[in-house]
């Protein structure tokens, strides 16, 4: 699966041949989180993303009703090309599906948000281990007490992803990820998880737990699952997001997002 191009991978997803998480796949290419809201909520969510660029770095925003985004890749269809979608109604998760064509409406606006899976390529190229990839798992993600900047009806706290590293590797990761602000940038915290409201690393709120060695510290990045947390508080009548770890794989190169 990892040998497939982004286009080939999307075709596998569209036809139902692949429905897994996308970490480590299509190396070198940008992956995106997604949130889809009705036009009546879109302006406030756009403002929320602009005020919280660490957690919600925007890669693209659609026109109302638009589900084809050729600027992100060949034949991309947002209704079929993510391996997992979550459906929220009035802030409650009501379903997880692999295709949202039957739910599509002309008033829906899609937000594509940068994903930490993109900067993992740069970390691996620098010789750093990414534990969830080496263990074949989804990245562990946690709710925190780090407040987001409110915008209209949207408010809440940040969700973070975690990768364990030796302290020297954590410093190197900070240096590398600072080059990629469009995909969450540098970590927001490392060590002392309780300082940001995380009390059991073995029980992530999303994704899978990974092993942490005695000489390692947990390193936390802002995560694009944050919109799902604030959506449950804002309670829009209808919303679609990606399932955690199940991203849109684009044809954009990760290097195109590097700031220097």
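Residue numbers (our numbering): 0 to 259.
The beta-carbon is built from N, C-alpha and C at its ideal position, and this holds for glycine as well.
Spatial neighbours of residue i within its chain, please: CB distance less than 6 angstroms, with the 5 preceding and 5 following residues excluded, ordered by chain position.
i, result
"residue 327", "Because residue 327 is not part of the residues shown, which for the chain are 0 to 259, the question remains open."
"residue 54", "157, 221, 225"
"residue 152", "43, 233"
"residue 110", "34, 60"
"residue 227", "240"
"residue 189", "169, 216, 218"
On a CA-only basis, which of the options is nearest residue i? Give me that one, please.
i, options, result
"residue 165", "210, 57, 80, 197", "210"
"residue 220", "71, 42, 96, 117", "117"
"residue 35", "4, 99, 207", "99"
"residue 161", "40, 137, 174", "137"
"residue 256", "20, 12, 123, 71", "71"
"residue 171", "125, 80, 244, 131", "125"
Apply the 10 Å Cβ neighbour rule to residue i and answer buried if 16 or more other Cβ atoms are within range, or exposed otherwise.
i, result
"residue 78", "buried"
"residue 155", "buried"
"residue 144", "exposed"
"residue 87", "buried"
"residue 146", "exposed"
"residue 242", "buried"
"residue 267", "Outside the displayed range of the chain (0 to 259) lies residue 267, so it cannot be described from this structure."
"residue 9", "buried"
If you drop the 5 nearest sequence neighbours on each side, which residues of the same chain put their C-beta closer than 8 angstroms to that of residue i?
i, result
"residue 252", "27, 28, 29"
"residue 38", "63, 106, 107, 108"
"residue 95", "83, 84, 85, 86, 242"
"residue 273", "Because the chain here runs from 0 to 259, residue 273 falls outside it and cannot be looked at."
Does residue i come out as helix, strand or coil in the three-state DSSP assignment?
i, result
"residue 153", "strand"
"residue 56", "coil"
"residue 231", "helix"
"residue 98", "coil"
"residue 168", "helix"
"residue 122", "helix"
"residue 45", "helix"
Given 8 angstroms as the limit, is there contact between the region 202-216 and the region 154-172, that is, 3 or more CB pairs closer than that? By the criterion of at least three beta-carbon pairs nearer than 8 angstroms, the region 202-216 is in contact with the region 154-172.
When the Cβ atoms of the region 66-81 are set against those of the region 95-105, are three or more pairs found closer than 8 angstroms? The region 66-81 makes contact with the region 95-105, as at least three CB pairs between them are under 8 angstroms.
Evaluate the contact criterion for the region 230-242 versus the region 83-93: three or more CB pairs, one atom per stretch, below 8 angstroms. Using a C-beta cut-off of 8 angstroms, the region 230-242 makes contact with the region 83-93, since at least three inter-stretch Cβ pairs fall below that distance.
At a cut of 8 angstroms, does the region 175-184 reach the region 193-201 through at least three beta carbon pairs? no
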